[in-house]
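**Student:** Here the protein sequences line up with chains D and E, keeping their order. Going by the working numbering, the first residue of the first sequence is number 4, and it counts up by one from there. Going by the working numbering, the first residue of the second sequence is number 2, and it counts up by one from there. What follows is a single structure, and I will ask about it in a moment.
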Amino acid sequence: MRGEDRLDETELVEQAKAGDLDAFEHLVVLHQRAALQVAYVIAGSDAEDAAQEAFVKAFRALGRFRSGSPFRPWLLRIVANEARNQRRGAARRAGLALRLADVPAGVERSPEEAALGAISRAELVRAVSGLPERDRLTLAYRYFAGLSEAEMATAMSCRPGTVKSRLTRALARLRQALSDQTAPQSSEATHG
Amino acid sequence: MADLEGALRDLGEHLDAPAGTHLAAAVRHRLADRAPAPQRIPAPPVARRRVVLSSAAAFVVLVLSVVGFWAPAREAVADLFGLGGVRFSREPSPVRPGERLRVGRPVDLEEARRRVDFPLAIPARLGSPDAVYVDEAASETVVSFVYRPRPAIPEVRSTGVGFLVSQFGGRVDAAVMTKFLGPGSTIEPISVAGGRGFWLPEPGHVVMYLDRRDEIQEDTARLTANVLLFERDGVITRLESRLSRDEMLAIAASTG
Numbered sequence: 004m005r006g007e008d009r010l011d012e013t014e015l016v017e018q019a020k021a022g023d024l025d026a027f028e029h030l031v032v033l034h035q036r037a038a039l040q041v042a043y044v045i046a047g048s049d050a051e052d053a054a055q056e057a058f059v060k061a062f063r064a065l066g067r068f069r070s071g072s073p074f075r076p077w078l079l080r081i082v083a084n085e086a087r088n089q090r091r092g093a094a095r096r097a098g099l100a101l102r103l104a105d106v107p108a109g110v111e112r113s114p115e116e117a118a119l120g121a122i123s124r125a126e127l128v129r130a131v132s133g134l135p136e137r138d139r140l141t142l143a144y145r146y147f148a149g150l151s152e153a154e155m156a157t158a159m160s161c162r163p164g165t166v167k168s169r170l171t172r173a174l175a176r177l178r179q180a181l182s183d184q185t186a187p188q189s190s191e192a193t194h195g
Numbered sequence: 002m003a004d005l006e007g008a009l010r011d012l013g014e015h016l017d018a019p020a021g022t023h024l025a026a027a028v029r030h031r032l033a034d035r036a037p038a039p040q041r042i043p044a045p046p047v048a049r050r051r052v053v054l055s056s057a058a059a060f061v062v063l064v065l066s067v068v069g070f071w072a073p074a075r076e077a078v079a080d081l082f083g084l085g086g087v088r089f090s091r092e093p094s095p096v097r098p099g100e101r102l103r104v105g106r107p108v109d110l111e112e113a114r115r116r117v118d119f120p121l122a123i124p125a126r127l128g129s130p131d132a133v134y135v136d137e138a139a140s141e142t143v144v145s146f147v148y149r150p151r152p153a154i155p156e157v158r159s160t161g162v163g164f165l166v167s168q169f170g171g172r173v174d175a176a177v178m179t180k181f182l183g184p185g186s187t188i189e190p191i192s193v194a195g196g197r198g199f200w201l202p203e204p205g206h207v208v209m210y211l212d213r214r215d216e217i218q219e220d221t222a223r224l225t226a227n228v229l230l231f232e233r234d235g236v237i238t239r240l241e242s243r244l245s246r247d248e249m250l251a252i253a254a255s256t257g
């Protein structure tokens, strides 16, 4: 986010705190993509309901938001809680199958995807889906919503050092999941 | 697997997370009306269950079907019948695409042609635009062609837009472009249909160019997306979308 946007955001938050719905709607637009991505890695198809509920709760909780601090990590913590609430019981135990958005027809692997080397998006999304919820959330905060480690500490209510170790663990488990996916295929190729 | 972190950032852009097209409006409805919770309406948008509940509900359904897919009318009807908080989602956005992109005022193509002193060029691979805008506030008049998302053109974030083409007089200069490149942005000089151009993968949002008085102008890409920029005969064309470099190049090459 550029500096001037941050200034605008501080003003928007102050206006929204004073009850200005236009200002809050602007904040929703600014942050909805990150909110939906974070909600999606926890609640899957219930992500939009979770995000909607989270924004409503965030507005009502604005009085507790510390002016001048980054808005996104504070908001995403509410989003993550709501996403967990949406995904209770059987659906939660059944696991989550994250999916890729539609790709252009006839394009199996885009040039940029091919440039990623051994990891295709399809493999990666399967591996992320199979991670524990806390790892998915950690990765989503960092790589989908673009939070810094300091902002993640706010969103996760933990110390920056803990963020580092959670990130390291999540990435290690993801690497392991990716190698588990490719290992059987290599074996088949060898024998088949 | 060397750049797992890069692959994860890329994945974030391609997840099938909801677009949230009506999220801001739905949140606003709920806050304005103090409705207790989101109302779920399965597709098709108006739940059959409501039709049999009462004649009033049946009338709502009738009016909704008459006004069709025009969102402002739908929301007005929702308000009229106290249905604030009702979520209408997933159908293509019916309002003129690009209205929130700060691309000026909507015009028809003929009006746009009259507003600039260079021939407008529409990419043949995209066909006629879904909306045309003219922005006369900047140093150079900018004409923008907006395209809705299609199966082969994914929506950019939650904008209701799949592809944006902007044209204006000026020239690109490699030194200027790279000197003012924003943090985290990358730029690749590229030849486009015989013209000089640059590929700025997301997040290369700030674009510097020289206007026809050779003064440096700063412009911000309207979509948070990939940008392909090229100059031909003193006219700059800027393409913005989520498509890959090669797909954007093919579309640029069809701009004649």
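Glycine residues also receive a C-beta, built at the ideal position from the N, C-alpha and C atoms.
Name the DSSP bridge partner or partners of E/W200?
**Tutor:** According to DSSP, which records beta bridges pairwise, E/W200 is partnered with E/E189 and E/L229.
**Student:** Should E/S167 go down as buried or exposed, given a rule of 16 or more other Cβ atoms within 10 Å for buried?
**Tutor:** Answer is buried; the Cβ neighbour count reaches 16.
**Student:** Over what stretch of residues does the beta strand (DSSP E) that includes E/E241 continue unbroken?
**Tutor:** Its beta strand (DSSP E) spans residues V236 to S242.
**Student:** Would you mind telling me which residues of chain E sit closer than 7 Å to D/R102, beta carbon to beta carbon, in chain order?
**Tutor:** Those are D17, listed as they occur along chain E.
**Student:** Taking a cut of 9 Å between CB atoms, which residues from the region 124-158 of chain D lie near chain E?
**Tutor:** Against chain E - using a Cβ distance shorter than 9 Å - the residues of the region 124-158 of chain D are R124, L127, V128, V131, L142, A143, R145, Y146, F147, A148 and G149.
**Student:** Could you tell me the distance, in whole angstroms, from the CA atom of D/R169 to the CA atom of D/R139?
**Tutor:** Spanning the two alpha carbons is a distance of roughly 11 Å.
**Student:** So, with DSSP's three-state summary, where would you put E/A132?
**Tutor:** Of the three classes helix, strand and coil, the one that applies to E/A132 here is strand, per DSSP.
**Student:** Any beta carbon of chain D sitting closer than 8 Å to that of E/E6?
**Tutor:** So, interface residue.
**Student:** State the Cα-Cα distance for the pair E/R172 and E/I237, rounded to the nearest angstrom.
**Tutor:** Roughly 6 Å between the two C-alpha positions.
**Student:** Going by other Cβ atoms of all chains shown within 10 Å of its Cβ, with 16 needed for buried, is D/A83 buried or exposed?
**Tutor:** Under this definition D/A83 is a buried residue.
**Student:** Of all Cβ atoms in chain E, is any one closer than 8 Å to the Cβ of D/L15?
**Tutor:** No, because no Cβ of chain E sits closer than 8 Å to the Cβ of D/L15.
**Student:** Go to D/Y43, then tell me how far its alpha helix (DSSP H) extends in each direction, as first and last residue.
**Tutor:** Unbroken alpha helix (DSSP H) run through D/Y43: L24 to A46.
**Student:** Which two residues bound the contiguous beta strand (DSSP E) that contains E/P120?
**Tutor:** Careful: E/P120 lies outside any beta strand (DSSP E) and carries neither H nor E.
**Student:** In terms of residue numbering, what span does the beta strand (DSSP E) encompassing E/V143 cover?
**Tutor:** Note, E/V143: beta strand (DSSP E), V143 to Y148.
**Student:** Could you have a look at E/R106 and say whether DSSP puts it in helix, strand or coil?
**Tutor:** In this structure, E/R106 counts as strand in the three-state DSSP scheme.
**Student:** Give me the Cα-Cα distance between E/H15 and E/G99, rounded to the nearest whole angstrom.
**Tutor:** One C-alpha to the other measures close to 21 Å.
**Student:** Taking a cut of 9 Å between CB atoms, which residues from the region 62-83 of chain D lie near chain E?
**Tutor:** Result list: F62 and R63.
**Student:** For a contact meaning CB atoms closer than 7 Å, what does D/Q40 contact in chain E?
**Tutor:** Here the neighbours are G13, L16 and A18.
**Student:** Could you tell me which residues DSSP puts in a beta bridge with D/L65?
**Tutor:** Paired residue(s): none; D/L65 is not in a bridge.
**Student:** Which residues in the same chain have their Cβ closer than 6 Å to the Cβ of E/G196, if we skip the five residues on either side of it in sequence?
**Tutor:** If we look at E/G196 and ignore the five residues flanking it on each side, its Cβ neighbours are F231, E232 and R233.
**Student:** Can you pull the chain E residues whose beta carbon is under 7 Å from the beta carbon of D/Q35, in chain order?
**Tutor:** Neighbours of D/Q35 on chain E, chain order: G21, L24, A25 and S159.
**Student:** Output the boundary residues of the alpha helix (DSSP H) element that contains D/F147.
**Tutor:** Neither: D/F147 is in no alpha helix (DSSP H) and is coded neither H nor E.
**Student:** Answer with buried or exposed for D/R75, where buried requires no fewer than 16 other C-beta atoms within 10 angstroms of its C-beta.
**Tutor:** D/R75 should be labelled buried.
**Student:** In its own chain, which residues sit with a C-beta less than 7 Å from the C-beta of D/R145, not counting the 5 before and 5 after it?
**Tutor:** If we look at D/R145 and ignore the five residues flanking it on each side, its Cβ neighbours are M155 and L170.
**Student:** Would you say E/R10 faces chain D, with C-beta separation under 8 Å as the test?
**Tutor:** With 8 Å as the cut-off, E/R10 counts as an interface residue toward chain D.
**Student:** So, is the C-beta of E/P155 closer than 8 Å to a C-beta in chain D?
**Tutor:** Chain D contact via Cβ: present.
**Student:** Just how far apart, CA to CA, sit D/Q40 and D/L78?
**Tutor:** Cα to Cα, D/Q40 sits roughly 13 Å from D/L78.
**Student:** For D/G133 versus D/A104, is the C-beta distance shorter than 8 Å?
**Tutor:** Not closer than 8 Å, so no.
**Student:** Taking C-alpha atoms, which residue in E/L127, E/S145, E/S129 and E/M249 lies nearest to E/V135?
**Tutor:** The shortest C-alpha separation from E/V135 is found at E/S145.
**Student:** Grab me the residues of D/A19's own chain with a C-beta within less than 8 Å of its C-beta, minus the 5 sequence neighbours each way, in chain order.
**Tutor:** So the qualifying residues of the chain are A26, F27, L30, F62 and L65.
**Student:** Check the Cβ of D/V32 against every Cβ in chain E and list those closer than 7 Å, keeping chain order.
**Tutor:** The answer, in chain order, is A25.
**Student:** Since E/V143 and E/G105 should fall inside the 8 Å C-beta cutoff, what is the C-beta to C-beta distance between them, to a whole number of angstroms?
**Tutor:** With a Cβ gap of about 7 Å, E/V143 and E/G105 count as contacting.
**Student:** Looking at the structure shown, is E/T160 part of a helix, part of a strand, or coil, going by DSSP?
**Tutor:** Looking at E/T160 - three-state DSSP - the assignment turns out to be coil, as it is neither helix nor strand.
**Student:** Among residues of its own chain, excluding the 5 on either side of D/R87, which ones have a beta-carbon nearer than 7 Å to its beta-carbon?
**Tutor:** Only I45 meet the Cβ criterion.
**Student:** Determine the burial state of D/E12: buried for a count of at least 16 other Cβ atoms within 10 Å of its Cβ, exposed for fewer.
**Tutor:** That one is buried.
**Student:** Here's a check: name, in chain order, each residue in its chain whose Cβ is nearer than 8 Å to the Cβ of E/G235, leaving out the five neighbours to either side.
**Tutor:** Contacts found: F119, G170, G171, R172 and R213.
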